[in-house]
Structures are given as structure tokens and as C-alpha cells.
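Engineer: Take a look at the following structure, please.
Number of protein chains: 2
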Amino acid sequence: MSDTVLINVFEVPAEREEEFLQSWHAADALLRASSGYASTRLHRAVTPDARFRFINVAQLASVDTWKSVIASPEFRDISAKMADFHPSPGLYTVAVERDASQG
Amino acid sequence: MSDTVLINVFEVPAEREEEFLQSWHAADALLRASSGYASTRLHRAVTPDARFRFINVAQLASVDTWKSVIASPEFRDISAKMADFHPSPGLYTVAVERDASQG
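Protein chains in written order, with the numbering used here: chain A, 61 to 163; chain F, 61 to 163.
Pasting the structure below:
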């Protein structure tokens, strides 16, 4: 597994949540089929007025595979449907990691 | 541990990265001392032009404890120093969780 984390924040109006989720699941299926990522978590805001209603955090298995998937025509079609949600995908590394047992 | 995840995205200009990190570590120390969170990961963008240079993802041990810490005068002082970075803290639950082994 690579150390690269894909984080994507989405601005989704409440009334378009179902539409967003349909597209997200379609994108997720493409990435899973490609073995581009190792695991993913889609987070939903607890409060309805959050700036970002959904945030996806995925551990990438291969950055190159991920890049080839998002460049594919299938993925571009899905991306176009999600453009209204102002997706801001970024690749990240973990700069600091801590758990509460550390002093 | 609660199922609540705190995600905070930050817009940090490259030249203010050190200043941001100092404040982040001060906030982190307060939260750790309070047992408000169980673990945290600060993510740094791989590419310098990412919209959000830093994103923090923390598993909260207790939402109530976290709320009492962020309401404290010490935390408010740190928050004021970080206001320029447009922090957008939000509480989240995991809506979908998958790993690549799932079909």
C-alpha cells in the first residue's frame, strides 16, 4: 500500500444528497474495480449546516493506478455529474499521527 | 470511543506553514491533555497548489469533552491565531466504509 491518502471534500445541498450519493457510488465502483485504492471512508456531516456535507478519505494502493482511473472516459463522465458539488480532491501524506496514549 | 470523527480543513499559504503548525501543535496539546480525542492524523497536501494544504482527521473519544475544550479560553486564543487559515471544523460519522477486498 502506498502512503498516499486521497481526501476529497464536497459541498452538497441537503436536497441533492441522493443524487450525490449515486454518483459517489459509481465513482467508488470504478476505483474498486481498478485496485486503485486500498480502503475508503465516506464521512457525512453530523450537522446539516456544515460547509462540507461529505468528505471522502481513501488510502490509495497505487497512485499511478488511481491517476489512470480518473483519466478514463468513464470516470470523467461521473466527475462531470459531480462538478456542482465543487469536489476538491487532493493527495496527502500523514504529517503527524498521534493517539491519546502518547504523552 | 465515540463514532464521531472531527475533520478540519485548512487553507494555508506556503509561506505561513510554520506558523500554522505551531498553532496546530498547541491545539493538539490541549485536546490530548483533555482526553477529548482518541487519535488524530494531520494530513499535508502532496502538491503545493492544493486548495487545502492541511486536513486534520481525529477520532473523538468524547464529543462532550471536545466541546468543552474548544469552548475554553485557552483554545479560543489558539483559534483566533488560526482564523486566517479559514478552519472549517465539522463533526462527521462514517456513512460508507470499504476496503478493496470487498466485491
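Think of the CB as a built atom: it goes at the ideal place given N, C-alpha and C, for glycine as much as any other residue.
With DSSP collapsed to three states, give me the class of Glu77 (chain F).
Structural biologist: In the second sequence, the residue the question calls residue 77 (chain F) occupies position 17. Reduced to three states, the DSSP call for Glu77 (chain F) is helix.
Engineer: Closer than 8 Å by beta-carbon distance: list the chain A residues that pair up with Ser95 (chain F), in chain order.
Structural biologist: Residue numbering aside, residue 95 (chain F) sits at position 35 when the second sequence is read from its first letter. Under the 8 Å cutoff, chain A gives Ala160.
Engineer: Alpha carbon to alpha carbon, how far is Ala74 (chain F) from Phe80 (chain F)? Give it in angstroms, no decimals.
Structural biologist: Position 20 of the second sequence, counted from the first residue, corresponds to residue 80 (chain F). Position 14 of the second sequence, counted from the first residue, corresponds to residue 74 (chain F). The straight-line gap from Cα to Cα measures roughly 10 Å.
Engineer: Give the straight-line distance between the Cα atoms of Val123 (chain A) and Leu151 (chain A), rounded to the nearest whole angstrom.
Structural biologist: Residue mapping note: residue 123 (chain A) aligns to position 63 of the first sequence, counting from 1. Residue mapping note: residue 151 (chain A) aligns to position 91 of the first sequence, counting from 1. If you take the alpha carbons of Val123 (chain A) and Leu151 (chain A), they lie about 9 Å apart.
Engineer: Using the Cα positions of Asp88 (chain A) and Val117 (chain A), report the straight-line distance between them to the nearest angstrom.
Structural biologist: Numbered from its first residue, the first sequence carries residue 88 (chain A) at position 28. Numbered from its first residue, the first sequence carries residue 117 (chain A) at position 57. Going by the C-alpha atoms only, they are around 12 Å apart.
Engineer: Quick one: residues in its chain with C-beta nearer than 6 Å to the C-beta of Phe135 (chain A), no 5 flanking neighbours on either side, listed in chain order?
Structural biologist: Start at 1 with the first residue of the first sequence, and residue 135 (chain A) comes out as number 75. Result list for Phe135 (chain A): Leu90 and Val129, in chain order.
Engineer: Give me, in chain order, the residues of the same chain whose beta-carbon lies closer than 6 Å to that of Arg113 (chain F); leave out the 5 immediate sequence neighbours on both sides.
Structural biologist: Residue numbering aside, residue 113 (chain F) sits at position 53 when the second sequence is read from its first letter. Same-chain partners within the cutoff: Val72 and Ala105.
Engineer: Which residues, in chain order, does the region 124-137 of chain F contribute to contact with chain A at a C-beta distance below 9 Å?
Structural biologist: Under the 9 Å Cβ criterion, the region 124-137 of chain F contributes no residue.
Engineer: Could you tell me if Thr107 (chain A) is buried or exposed, where buried requires 16 or more neighbouring beta carbons within 10 angstroms of its beta carbon?
Structural biologist: By one-based count along the first sequence, residue 107 (chain A) stands at place 47. So Thr107 (chain A) ends up on the exposed side.
Engineer: State the beta-bridge partners of Gln82 (chain A) as determined by DSSP.
Structural biologist: The residue labelled residue 82 (chain A) in the question sits at position 22 within the first sequence. Answer by DSSP bridge pairing: none, since Gln82 (chain A) is not bridged.
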